[in-house]
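Number of protein chains: 2
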Amino acid sequence: MAALSGVSVKTASRALSGEGYVAVETKARVQSAADELGYRLNRTARELRRGGNTSTLVGLLSGDLANPFYSRLASGLERELRMHGLQLITASTDENPEWEGRLTDSLLERRVRGLVVASTMAEHGHLAAERRHGSPFVFVDRPPVNLTADAVLLDNRGGAKRAAEHLLERGHRRIGIVGDLSRLSTHQDRVEGFAEAMEAAGIADWREYLLEDAHDVDKAERAVLALLARDPAPTAVFTTNNRITTGALRALRQGGGGRDTALIGFDELDLGDVLGVTVIAHDPEEMGRHAARLLLSRLDGDEGPARRVVLPTRLVERSTTAPR
Amino acid sequence: MAALSGVSVKTASRALSGEGYVAVETKARVQSAADELGYRLNRTARELRRGGNTSTLVGLLSGDLANPFYSRLASGLERELRMHGLQLITASTDENPEWEGRLTDSLLERRVRGLVVASTMAEHGHLAAERRHGSPFVFVDRPPVNLTADAVLLDNRGGAKRAAEHLLERGHRRIGIVGDLSRLSTHQDRVEGFAEAMEAAGIADWREYLLEDAHDVDKAERAVLALLARDPAPTAVFTTNNRITTGALRALRQGGGGRDTALIGFDELDLGDVLGVTVIAHDPEEMGRHAARLLLSRLDGDEGPARRVVLPTRLVERSTTAPR
DNA sequence: GTGAAAGCGCTAACAC
DNA sequence: GTGTTAGCGCTTTCAC
Numbered sequence: 004m005a006a007l008s009g010v011s012v013k014t015a016s017r018a019l020s021g022e023g024y025v026a027v028e029t030k031a032r033v034q035s036a037a038d039e040l041g042y043r044l045n046r047t048a049r050e051l052r053r054g055g056n057t058s059t060l061v062g063l064l065s066g067d068l069a070n071p072f073y074s075r076l077a078s079g080l081e082r083e084l085r086m087h088g089l090q091l092i093t094a095s096t097d098e099n100p101e102w103e104g105r106l107t108d109s110l111l112e113r114r115v116r117g118l119v120v121a122s123t124m125a126e127h128g129h130l131a132a133e134r135r136h137g138s139p140f141v142f143v144d145r146p147p148v149n150l151t152a153d154a155v156l157l158d159n160r161g162g163a164k165r166a167a168e169h170l171l172e173r174g175h176r177r178i179g180i181v182g183d184l185s186r187l188s189t190h191q192d193r194v195e196g197f198a199e200a201m202e203a204a205g206i207a208d209w210r211e212y213l214l215e216d217a218h219d220v221d222k223a224e225r226a227v228l229a230l231l232a233r234d235p236a237p238t239a240v241f242t243t244n245n246r247i248t249t250g251a252l253r254a255l256r257q258g259g260g261g262r263d264t265a266l267i268g269f270d271e272l273d274l275g276d277v278l279g280v281t282v283i284a285h286d287p288e289e290m291g292r293h294a295a296r297l298l299l300s301r302l303d304g305d306e307g308p309a310r311r312v313v314l315p316t317r318l319v320e321r322s323t324t325a326p327r
Numbered sequence: 004m005a006a007l008s009g010v011s012v013k014t015a016s017r018a019l020s021g022e023g024y025v026a027v028e029t030k031a032r033v034q035s036a037a038d039e040l041g042y043r044l045n046r047t048a049r050e051l052r053r054g055g056n057t058s059t060l061v062g063l064l065s066g067d068l069a070n071p072f073y074s075r076l077a078s079g080l081e082r083e084l085r086m087h088g089l090q091l092i093t094a095s096t097d098e099n100p101e102w103e104g105r106l107t108d109s110l111l112e113r114r115v116r117g118l119v120v121a122s123t124m125a126e127h128g129h130l131a132a133e134r135r136h137g138s139p140f141v142f143v144d145r146p147p148v149n150l151t152a153d154a155v156l157l158d159n160r161g162g163a164k165r166a167a168e169h170l171l172e173r174g175h176r177r178i179g180i181v182g183d184l185s186r187l188s189t190h191q192d193r194v195e196g197f198a199e200a201m202e203a204a205g206i207a208d209w210r211e212y213l214l215e216d217a218h219d220v221d222k223a224e225r226a227v228l229a230l231l232a233r234d235p236a237p238t239a240v241f242t243t244n245n246r247i248t249t250g251a252l253r254a255l256r257q258g259g260g261g262r263d264t265a266l267i268g269f270d271e272l273d274l275g276d277v278l279g280v281t282v283i284a285h286d287p288e289e290m291g292r293h294a295a296r297l298l299l300s301r302l303d304g305d306e307g308p309a310r311r312v313v314l315p316t317r318l319v320e321r322s323t324t325a326p327r
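As given, the protein sequences belong to chains A and V, one line each in that order. Those letters in the first sequence? Residues 4 to 327, by the working numbering. Those letters in the second sequence? Residues 4 to 327, by the working numbering.
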C-alpha cells in the first residue's frame, strides 16, 4: 500500500483521487510514492464502494465491427460518449441472437451505465424487468420488439421506395432486389418500401426478382449473377445494404450482360463517389451520436416516454443509374 | 438481496455463479427469486474479491474505428479474445498522444487484463514500471520505443520498396509519394523502403515529389492535385495508406492530366478489386488475431522475452499500374 | 488537514 | 449442502 511510504490510508485516497482537503506537501509525497511503486487507483473498487450508477462504461452490441456501417456507428458513438467521460465497450454478435443474449447478460453483469444495441433478436420482452431496475437501453438501426425503449432508426422504407422510384423513372420495369437476412426488420422495411413503389407503378410480379438472405459479399455476388442469368434478365438491381452492393459490383464487373445493368445500393460506400455508384446514403456516425445523446439524457434523469429518432436518407445519383 | 426470497447469502452466490455444491431444488428456488427481482450477479464485485488478474477486459487503443484498418484489426482481435472468454474495450485516440496517455491510464485503472495499442506516442518508457506490475502490453502496427514489449507489425519497408520497384519496372521515373503524419514510424518506414528502391534505380532527387502529413482524405486529395500540377508532373503516385489512396483516387478522377497517372497504394481497399487499384495488401484481421494470441500466451504465464511478429505484405497488381 | 471504522457485493476459507 | 466470518480496494461517515 502506498500508505506505507506516506503516512496514512484515507489520506492517500484523498491525495490520489483529487478529492482535495489535503496538504499540498502531503499530496506531493503520496504522489511520488505511488509513482515509485507503480501504484494506481483501482477504479473498479471505487465504483463498487460508490454504489449505484457510477460506472463509466457504455456497452455496444452490434453485428461485426469490420462492417463499415457498424464501425462508423461505433466511432460516432464513442466520440460523443467520451466528451461526457464515458467509455465504450464493444461486443460483436455476428447477427447471432444467442450470442447477443449472452453478451447482453455479460455487459449487464458488469453494470454498464447504459447499453446501445443493434439487435438481431426477434423479441426483447425479456429485457423489460432489466430496464426497470437497470441501465437504459438505446436501440439502433433496428427497433425493440415487445419492449418500450429509445431507438434511433433509419427511414428504411422511404429510402428503399426512393430507390425504386429512381429506377422506375429511368424506365426500368424488371428490377432485381437482393436483400440481407430476411428475418431482420431493416430488410423487411426496405423490401416493403421497394414493393410500394413497384406496385404503385403497376408492377405486380416484382417478387420474381427478389433474392434474400445474401448476408455476405460472396453470397451477394452469386445472387446477383443468378439474377443476371435469368431470362429475361432484370435491367436494374437494387441492393439493400453495403455488403450486398459490394458483391453486386463484383458480379457486374464480370461483364456478360452485366455491364449494362443499372445499380442502386442502400448505404454509402467508401469509394462510392469514385466508382460512381448511385446510393441511398445516410450517416452512420450521426446515428451513433444520436444514440449517445439519448442515452446521456436518460442518465441525466430524463424519465419521459421512450423516444424514437428516424434519420433521413438521401438519394445520391451517380453513373450506375445514368441513362445509357 | 435475493437471499431474502430463498434462505441464505452465500448459498445464493453458489447457486447463481454455478459453483455447484447446491441442492438442485435450492438452486431452482434461488434462480426464480433472482429472476423475479431482476437480480443479477455483480461481476465487478466478484472480480474485486477474487483479486489479482480476474478481469475479463482487454483494452484496445487505436486511431479511429471509422478507419477500416483499425476496425478490421479490432474485429479480428475481438473474435479471437472472445473465444477465450475475454471482452474488448475500445478507445480512439485520434492519433493524439495526450489523449492516448489519458486513455491508457483510464484503462489501467480499470484493471484491464491486457492492453493492445496502436500507439501514436513518440516514446513509451513511462510504461516500464507499469509493465512490471501490471497487465501485459501488445503493440500493433507501430513498435514500442524505449520499452520492451510484444509487437505485431507490418513489413512496411519491404512493402513500400516493392511498390516503388513495381512502378520502376513499368518505366516510371518521376514518382510522387504522399504520406501520413511524418512522425509516425509506419510512415517513416514506408518512405525508407520507397527511398531504397528509388536510390537503387539511380533516382537521387525523389524527395522532390514527396508530400507528407496528409492525414485525412481531403488533405490527401489536395496533395495529389498539387503533385499533378507540378511541371514536370509525376507519371505515377505511391500513396502510403488507405485514406491517402482514397484521396488520390478522388484527385485522379477529376481528369486533367491525372487520368494517365499510375497509382499504387499501401493497404487494401474495400472495393479495390472493383476499382482496379493496384495495392500493397495485408490482413488487418490477422494482425488482430496475432495480437490476441500473443496476449493470451502472456496471460497463460509465458514469461519469455518480448516477441515481435512481422506480417508480410503482397503486391496485388491491378489496372491502375497496367501498361498504358 | 488527517485518521478510524464500517461497508459496497461478492467469494475463500472454514466451519457445521 | 449450507452458513459464518473476513476481506478484496476503495470511499463514506464521523471523529480528532
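Just so you know, even glycine gets a beta-carbon here, dropped at the ideal spot from N, CA and C.
What does DSSP give as the partner residues of residue i in its beta bridges?
i             : result
residue 142/V : 120/V and 154/V
residue 319/A : 282/A
residue 311/V : 154/V
residue 268/A : 242/A and 282/A
residue 64/A  : 94/A and 120/A
residue 213/A : 180/A
Label residue i either buried or exposed according to how many other C-beta atoms from any shown protein chain fall within 10 Å of its C-beta, with 16 as the threshold for buried.
i             : result
residue 127/V : buried
residue 3/V   : Lying before the first or after the last residue shown, residue 3/V is absent from chain V, which here runs from 4 to 327.
residue 1/V   : Absent from the model: residue 1/V. The displayed extent of chain V is 4 to 327, so no value can be given.
residue 327/V : exposed
residue 219/V : exposed
residue 12/V  : exposed
residue 25/V  : buried
residue 78/V  : buried
residue 266/A : buried
residue 15/V  : buried
residue 277/A : buried
residue 203/V : exposed
residue 3/A   : Outside the shown range of chain A, which is 4 to 327, sits residue 3/A, and nothing can be said about it.
residue 273/A : buried
residue 45/V  : exposed
residue 125/V : exposed
Go through its chain and collect everything with a Cβ distance to residue i's Cβ below 6 Å, but skip five positions before and after it.
i             : result
residue 62/A  : 92, 110, 115 and 118
residue 310/A : 153
residue 147/A : 127
residue 89/A  : 59 and 61
residue 217/V : 181, 223, 226 and 247
residue 215/V : 182 and 185
residue 155/A : 143, 290, 293, 294 and 312
residue 271/V : 282 and 284
residue 98/A  : 66 and 123
Short of 7 Å in beta carbon distance, which residues of its chain neighbour residue i, apart from the five on each side in sequence? Order them along the chain.
i             : result
residue 81/A  : 91
residue 30/V  : 18
residue 87/A  : 299
residue 106/A : 64, 94 and 96
residue 200/A : 164, 167, 168 and 171
residue 113/V : 60
For residue i, which residues of its own chain have a beta-carbon under 8 Å away from its beta-carbon, when the five flanking residues on both sides are left out?
i             : result
residue 57/V  : 49 and 50
residue 302/A : 56, 116, 117 and 139
residue 173/V : 239, 265, 324 and 326
Members of the region 265-287 of chain A near chain V, C-beta cut-off 8 Å: 272, 273, 274, 276, 277 and 278
Report yes or no: do the region 221-234 of chain V and the region 245-252 of chain V share at least 3 C-beta pairs separated by less than 8 Å? yes
Residues of the region 175-207 of chain A with Cβ closer than 9 Å to any Cβ of chain V, in chain order: none
Taking Cβ-Cβ distances below 7 Å as the criterion, which residues of the region 55-77 of chain A are in contact with chain V? 67, 68, 69, 71, 74, 75 and 77
Three or more beta-carbon pairs under 8 Å between the region 30-48 of chain V and the region 121-138 of chain A, yes or no? yes
Residues of the region 16-46 of chain A whose Cβ lies closer than 9 Å to any Cβ of chain V, in chain order: 38, 39, 40, 41, 42, 43, 44, 45 and 46
Per the contact definition of three or more C-beta pairs closer than 8 Å, is the region 183-192 of chain V in contact with the region 154-166 of chain V? yes
With 9 Å as the limit, tell me which residues of the region 213-224 of chain V have their beta carbon closer than that to any beta carbon of chain A; keep them in chain order. none
Taking beta-carbon pairs under 7 Å, can you tell me which members of the region 241-252 of chain V lie near chain A? 249 and 252
May I ask you to list, following chain order, the residues of the region 313-326 of chain V that have a beta carbon less than 7 Å from some beta carbon of chain A? none
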